[in-house]
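Take 1 as the starting number for the sequence shown in UniProt numbering and just add one per residue.
Virtual Cβ for every residue (Gly too), placed ideally from N, Cα, C.
Bear in mind the structure is a predicted one, so any value in this text is a computation, not a measurement.
Heads up, the thing below is written out as structure tokens.
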Amino acid sequence: MSTKIFAHRGYSSKYPENTMPAFLAAYKCGAHGIELDVQLSQDGVPVIIHDEAVNRTTNSKGLVKELTASYLTKLNAGKRFKWLSRKATIPTLEEVLDWMSKTNLILNIELKNSVFPYKGMEEIVIKMVHDYHLASRTVYSSFNHDSLFKIHKIDSAAETAPLYKKSIPVPWEYAKSIHASAIHPHYRNVTKELIETTQQHQIQVRAYTVNQTKLINRLISWKINGIITDDPKQALACLEAF
Ligand code: G3P
Ligand code: CA
């Protein structure tokens with residue numbers, strides 16, 4: 001087993017997060033997978049953006065859930081990246097899935113539904129993933145663990161992974177209780193023992209968001225299943241040197 005490197009919001013240390021340039025750059029540098037954040041627009045279209053509001057990453061203001069997909073996808077999502085030759089925009093999930101289906105990347109879809117529990121989001125996203133024949137290489141994660149339980153009820157074969165910041169007493173047991181196939185802890189919660197015990201129970205461990213080489217090397221030496229990082233090139237270099 002070799003550790004898989006996931007580009008967090010794409011190659012977000014160099015490119016505008018959650019945009020096609022960041023996903024393309026992650027693919028080109030050899031990342032095994034990409035992680036992205038999905039929310040629903042006012043008209044129910046899954047769009048790729050991290051914050052509940054567009055203020056930080058675009059040239060506009062307002063909540064994603066109160067803006068239409070047509071409005072959202074015209075915004076400039078790379079306002080701090082003036083050197084980019086092409087304007088970076090908020091992609092729809094469909095746009096990313098269409099591109100993904102032409103690659104061999106693993107997809108980690110984070111459902112951003114802890115603040116606003118978008119009604120029907122799970123059904124919409126799962127259907128789209130199946131329509132693009134990406135179910136076998138998609139992992140759904142969320143801080144909203146009820147949503148992951150719901151995903152399992154809709155599609156019992158779906159791979160899910162609870163995200164968590166504070167420690168959970170027995171993570172593998174918890175993962176099994178919600179039918180998850182992996183856990184996605186903050187890297188501060190990860191120990192060698194946690195990885196070994198969790199893997200012994202057939203639950204994978206992928207840590208987020210790991211950007212320091214010292215930590216990356218340590219996690220690789222502990223045989224973690226996945227590292228979610230803003231700088232996939234750096235993590236891949238660590239993996240190669242190991
Ligand atoms: O998937 C891990 C990570 O993306 C969770 O945190 O806030 O960067 O979406 P955040
Ligand atoms: Ca995320």
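Check: Can you tell me the Cα-Cα spacing of Ile220 and Ile5, whole angstroms?; Outcome: 10 Å
Check: Tell me which residues share the same chain as Ile181 and place their Cβ nearer than 6 Å to its Cβ, disregarding the 5 neighbours each side in the sequence.; Outcome: Looking at the sequence itself, residue 181 is Ser, so the reference to Ile does not match. Same-chain partners within the cutoff: Glu159.
Check: Cβ of Tyr132 within 7 Å of any heavy atom in ligand 1?; Outcome: no
Check: From what residue to what residue does the alpha helix (DSSP H) around Lys233 run?; Outcome: Pro232 to Ala241
Check: Tell me the rounded alpha-carbon separation between Asn59 and Arg137.; Outcome: 33 Å
Check: For ligand 2, which residues count as neighbours when the test is a C-beta closer than 5 Å to any heavy atom?; Outcome: Asp37 and Glu110
Check: Are the stretch 63–71 and the stretch 121–134 touching by the rule of at least three beta carbon pairs closer than 8 Å?; Outcome: no
Check: How many Å lie between Asn55 and Gln200 at the Cα?; Outcome: 43 Å
Check: How is Thr3 classed by DSSP in three states: helix, strand or coil?; Outcome: coil
Check: So, under 8 Å CB-CB, Thr89 and Thr73 are touching, yes? Tell me the CB distance rounded to an integer number of Å.; Outcome: 6 Å
Check: According to DSSP, simplified to helix, strand and coil, what is Arg9?; Outcome: coil
Check: Give the secondary structure of Asn59 by DSSP, where H, G and I count as helix, E and B as strand, and everything else as coil.; Outcome: coil
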